[in-house]
Every structure is written in structure tokens, then in C-alpha cells.
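Residues 272 to 625 (this note's numbering) make up the sequence shown, in order. Beta carbons are placed, not taken as given, at the ideal position from N, Cα and C, and that holds for glycine. Quantities reported herein were computed from a predicted structural model and do not represent experimental measurements.
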Amino acid sequence: RDELAVPSHPPPPRVRKRDQAMDMFSKIGSVVQANLAAAGAVAQTNLASAQEAAMARLQGGQPNSAEIPRLVPNPIATRPSLDIRIDDMRAGETVHHVVQRAFFLNTKPLCEVQGRLLVTNYRIRFQVPKGTLRAELAWLLEKQVFDVPMGLVEEVKLESRLSEAEVAEWRLRFVTKDFRSLTFLVPEARDLAIVEEAVLALAQPGPAYTSSLFAFRHSRELAATYDTDTGGQQLDGWGLHDTAAEFARMGIDSDSSPWSLCTANCRYALCSSYPGILVQPKATTERDLRVSASFRMRNRLPTMSWCGGNRLGNASLWRCAQTSEGLFGTACPEDERLVASIRHGAAAGQDREL
């Protein structure tokens, strides 16, 4: 019979497609892992370089912000007087410095408002060219947000930083006593120094230089004007403010007003820290005023500070000191009647309360 031929080598094992795919994925994973390791090494190198650069800046190498120049405040320094007139300029007010290309940095909405920043001996004012302010920011001009008297400045902050293009940015920030915070971008560091020195010297000159305050120059200018108008009569200051005329402007003592002028303190015997002319409800008697004054600290009885007139329904603001009722809660019917008259206006029992 014929014998079957036997091969000298066994056949190669059969490789399945699944095993081939697994081998391919394993090789790809090895390559990806090697690339990630290389990227991590590069990142660590860059981080180390950045840390070294930061330490160099801290140790006096390259600064991360431009240096801000400073000027020593000098209240008695001679300042330039620029020939610039602005609206509502006070007597004796002079413009000392102008930043021509200033930008107000607004947050809501986020934008920059271009204008010029004026520094006078009375105020800081930012002027915007007519027709350039966005409609939603028009209230800033109506409410005089850009007009800051020197006496209202609480703090001046100077900021400098380098932009991404390594260009110095100079920022001037005003924090006011009526809770405003205004930030301006100015073109030069010199502007920062001049504005800061002017505010510190003119708004806060110190007890040795109070005569540098704007009020004294304003008074001298008014006196000169008054002497011209009155033929040389000296102005002593007592006629600058007419209390009765000011209350008449508010509608006091008119037929429709529930308030009237009171002269019980004309010799300052009722309250030494109150003016000679007070405003009280028409329904109040002078006896109630005197008893109420003795019931309040330092005789500071309730009296009017401001009235809105007929246009605002005679709404008003009043001031007074704390009562002296003590631990036993001593009552004062006269003071209660005075307060009730203020609440109800012309007469007790009125339907609405002021």
C-alpha cells in the first residue's frame, strides 16, 4: 500500500484577527505613552523657567509693572493757571492741569469712554465730547458722577501694569466719600503724579496750610465782587446765606405748607448749635418747643433741614438729638405732640402721614 507523506515541520499556528487587533492597539498605546512623557518633560521645563523668571522679578530683576512716579504734596506751590472755562465754574476756581486723552473705564456695560480730565483747585471733572456718550450712560452726566469736588475725595489710587504687548498702562482711581469709585486710564505716568499731588495738596493740605483750601480763595473772590457791587462796603460773610430766603425757596410759610418759620431761637437761647431761624409745624406751640428742647440732648429739638415743597407733597427731612428719658423711661407729652405734628403735617388726624 501507499504510505502517506509526513511533513518535516509542523504548520504555523493560526492567528486570529482579534489577536492582531490587540497587538496593534498595544503598539499604539506605547507610542502615545511615549509622546505624553515627552510633552510632560517639556511642560516641566517651561514651568521651571517661568518660576525662575518670577523669582528674578521679585529679587529686583525685570519688574512685572512699570514704576509709578511720585511728587511730594506742596499746598503752597505756584500752579499753572490754564485759560479754560467750564460750566458752573465757581468764583476763584482755576484749571491747573488737563489730561487730554483720558478714558473712563466703565464696568456695566463694559466699555471705555474717551474724554479729558480736568484738575482745578476745587474739583476733578471728566468731560466727554458732546454726542459721543452712549445712551445707557447718559445718566452719568445728568447725576454729575464725573464731577468730584476735592473735599469729597477719600482716596486716590495709582495703578500700573504691563499689557500682553509689554506696554505700560497707567490707571487713576478715585474713591469718594459718597461711595463713588471712578477709574481712568491716562496716557502718561506724569499725569498720575500731577493729579495725585494736586488732590493731596488741595483737598488735604493739613492744619498748617488750611489757607490753601479753595474756600478761602472763593471767599476772597466773592468779597471783591461784593465790594464792587456795593461801592466798597466790606463783606463780613454774614450775608452770604439767608436762612429765611432759603426756606422760602422750599415753600415754607406758604398757605399750602404745613410748616412755618419760628424765631424762638433768634438769640440762640433755645439751642446754641442751631441757627436762629427754625422751621416747625404750624400746629406746634412755642411752649411745646421749649419743653421738647429741654427733653433732648444738648437742647437739639426736632427741626427741619429740607423740604420738597408742593411739588413733592411737602415731604421733608428733620434732625434732632437723642431723648434724655433715662433708665426709667420718663415720658414727655410735649415732645410726643411735636413729633406727632411732624408726622401728620398741618393738623393731627390727617389721613396721610408725611
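Query - Host beta strand (DSSP E) of S587 (start-end) - result: In the sequence shown, residue 587 corresponds to position 316, counting from 1. S587 -> beta strand (DSSP E) spans S587 to R590.
Report task. Please determine, among R567, A348, A486 and W410, the residue with the shortest C-alpha to C-alpha distance to A472. Result -> Walking along the sequence shown from the start, residue 472 turns up at place 201. It is A348 whose Cα lies nearest to the Cα of A472.
Query raised in the report: Which residue or residues does DSSP assign as beta-bridge partners of V399?
Result: In the sequence shown, residue 399 corresponds to position 128, counting from 1. DSSP, once it has assigned bridges, lists no residue as partnering V399.
Query - Three or more C-beta pairs below 8 Å linking the stretch 446-466 and the stretch 373-382 - result: yes
Query - Strand pairing of M521, partner residues [DSSP] - result: As a working mapping, residue 521 is identified with position 250 in the sequence shown. Note: M521 sits in no beta bridge, so no partner.
Query raised in the report: How would you label C537, buried or exposed, when you count the other beta carbons within 10 angstroms and need 16 or more for buried?
Result: Taking the first residue of the sequence shown as position 1, residue 537 is located at position 266. Under this definition C537 is an exposed residue.
Query - Helix, strand or coil at Q315 [DSSP, three-state] - result: Here residue 315 corresponds to residue number 44 of the sequence shown, with the count starting at 1. Three-state result, Q315: helix.
Requested in this report: Determine the DSSP secondary structure at V369, reduced to helix, strand or coil.
Outcome: Indexing the sequence shown from 1 puts residue 369 at position 98. V369: strand per DSSP, three-state reduction.
**Report entry** DSSP-derived helix/strand/coil call for K462
**Finding:** As a first step, residue 462 must be located in the sequence shown, where it is residue number 191. For clarity, residue 462 is Asp in the given sequence; the question names Lys instead. Residue state, collapsed to three classes: helix.
Query raised in the report: For R590, which option in M575, Q291, R582 and G597 has the closest C-alpha, if you only look at C-alpha atoms?
Result: Residue 590 sits at position 319 when you count from the first residue of the sequence shown. Closest by alpha carbon: M575.
Query raised in the report: For L215, does the three-state DSSP call read helix, strand or coil?
Result: Here the chain comprises residues numbered 272 to 625, so residue 215 is not present and cannot be evaluated.
Query raised in the report: Buried or exposed: P351, going by 16 or more other Cβ atoms within 10 Å of its Cβ?
Result: The sequence position of residue 351 within the sequence shown is 80, counting from 1. Exposed, since its Cβ has fewer than 16 Cβ neighbours within 10 Å.
Query raised in the report: When DSSP labels each residue in this structure, what does D418 get in the three-state scheme?
Result: The residue given as residue 418 occupies position 147 in the sequence shown. It is a strand residue.
Query raised in the report: Would you call Y393 buried or exposed, if buried means 16 or more other Cβ atoms sit within 10 Å of its Cβ?
Result: Taking the first residue of the sequence shown as 1, we reach residue 393 at position 122. Flag for Y393 reads buried.
Query raised in the report: Roughly how many angstroms separate the alpha carbons of R442 and A494, rounded to a whole number?
Result: Along the sequence shown, one-based indexing puts residue 442 at 171. Along the sequence shown, one-based indexing puts residue 494 at 223. Their backbone Cα atoms lie some 40 Å apart in a straight line.
Query raised in the report: Do N570 and the ligand GDP come close, with the Cβ less than 8 Å from some heavy atom?
Result: The ligand GDP is not part of this structure, which contains no ligands at all.
**Report entry** Contact the stretch 351-366 vs the stretch 379-392: 3+ CB pairs below 8 Å
**Finding:** yes
Query raised in the report: Out of curiosity, what's the CA-to-CA distance linking V427 and P552?
Result: Your numbering for residue 427 matches position 156 in the sequence shown. Your numbering for residue 552 matches position 281 in the sequence shown. The straight-line gap from Cα to Cα measures roughly 45 Å.
Query raised in the report: If we call anything under 9 Å between Cβ atoms a contact, is L541 one with L572?
Result: For the purposes of this step, residue 541 is identified with residue 270 of the sequence shown, where counting begins at 1. For the purposes of this step, residue 572 is identified with residue 301 of the sequence shown, where counting begins at 1. In this structure, L572 lies closer than 9 Å to L541 by Cβ.
Query raised in the report: Starting from F445 and walking both ways along the beta strand (DSSP E), at which residues does that stretch end?
Result: On the sequence shown, position 174 is the one that residue 445 refers to. First-last of the beta strand (DSSP E) with F445: A439 to T447.
Query raised in the report: Thinking just about the alpha-carbon of each residue, which of I357, Q315, P340 and M421 is nearest to the one in V399?
Result: Residue 399 sits at position 128 when you count from the first residue of the sequence shown. The residue with the shortest Cα to Cα distance from V399 is I357.
Query raised in the report: If you draw a straight line from the alpha carbon of H302 to that of F296, how long is it in whole angstroms?
Result: In the sequence shown, residue 302 corresponds to position 31, counting from 1. In the sequence shown, residue 296 corresponds to position 25, counting from 1. His is not the amino acid found at residue 302; the sequence shown has Val there. Distance between the alpha carbons of V302 and F296 is about 10 Å.
Query raised in the report: When you compare only the Cα positions, how much space is there between D462 and L560?
Result: Position 191 of the sequence shown holds residue 462. Position 289 of the sequence shown holds residue 560. Cα to Cα, the separation comes out at about 56 Å.
Report task. Look up F455 in the DSSP assignment and say whether it is helix, strand or coil. Result -> Translated into the one-based positions of the sequence shown, residue 455 becomes position 184. In this structure, F455 counts as strand in the three-state DSSP scheme.
Query raised in the report: In chain order, what residues of the same chain have a beta carbon less than 8 Å from the beta carbon of I465, not counting five sequence neighbours either side?
Result: The residue you call residue 465 lines up with position 194 of the sequence shown. Cβ neighbours of I465 beyond the five flanking positions: L342, H368 and V390.
Requested in this report: With DSSP as the reference, label G386 as helix, strand or coil.
Outcome: The sequence position of residue 386 within the sequence shown is 115, counting from 1. Of the three classes helix, strand and coil, the one that applies to G386 here is strand, per DSSP.
Query raised in the report: By how many angstroms is the C-alpha of P458 removed from the C-alpha of Q371?
Result: In the sequence shown, counting from the first residue as 1, residue 371 sits at position 100. In the sequence shown, counting from the first residue as 1, residue 458 sits at position 187. Q371 and P458: Cα-Cα distance of roughly 9 Å.
Requested in this report: Sort R569, A314 and N585 by Cα distance to D526 and report the nearest one.
Outcome: Walking along the sequence shown from the start, residue 526 turns up at place 255. Checking every option, the nearest Cα to that of D526 belongs to N585.
Query raised in the report: So, helix, strand or coil for R405, using DSSP?
Result: Here residue 405 refers to the residue found at position 134 of the sequence shown. Here R405 sits in coil by DSSP.
Report task. Run the CB neighbour count on L307, radius 10 Å, all protein chains shown included, and call it buried at 16 or more, exposed below. Result -> Counting from 1 along the sequence shown, the entry for residue 307 is found at position 36. Under this definition L307 is an exposed residue.
**Report entry** Residue interval of the alpha helix (DSSP H) (run including R558)
**Finding:** Residue numbering aside, residue 558 sits at position 287 when the sequence shown is read from its first letter. Taken as a continuous stretch (DSSP letters only), the alpha helix (DSSP H) holding R558 covers E557 to F566.
Query - Span of the alpha helix (DSSP H), counted from its first residue to its last, around V610 - result: The count along the sequence shown starts at 1 and reaches residue 610 at position 339. Here the alpha helix (DSSP H) through V610 covers P604 to H615.
Query - Nearest-angstrom Cα separation, counted from P346 out to Y480 - result: Position 209 of the sequence shown, counted from the start, is the residue given in the question as residue 480. Position 75 of the sequence shown, counted from the start, is the residue given in the question as residue 346. Those two C-alpha atoms are separated by around 7 Å.
Query raised in the report: If you draw a straight line from the C-alpha of A474 to the C-alpha of F485, how long is it?
Result: Taking the sequence shown and counting its residues from 1, the one referred to as residue 474 is at position 203. Taking the sequence shown and counting its residues from 1, the one referred to as residue 485 is at position 214. Going by the C-alpha atoms only, they are around 8 Å apart.
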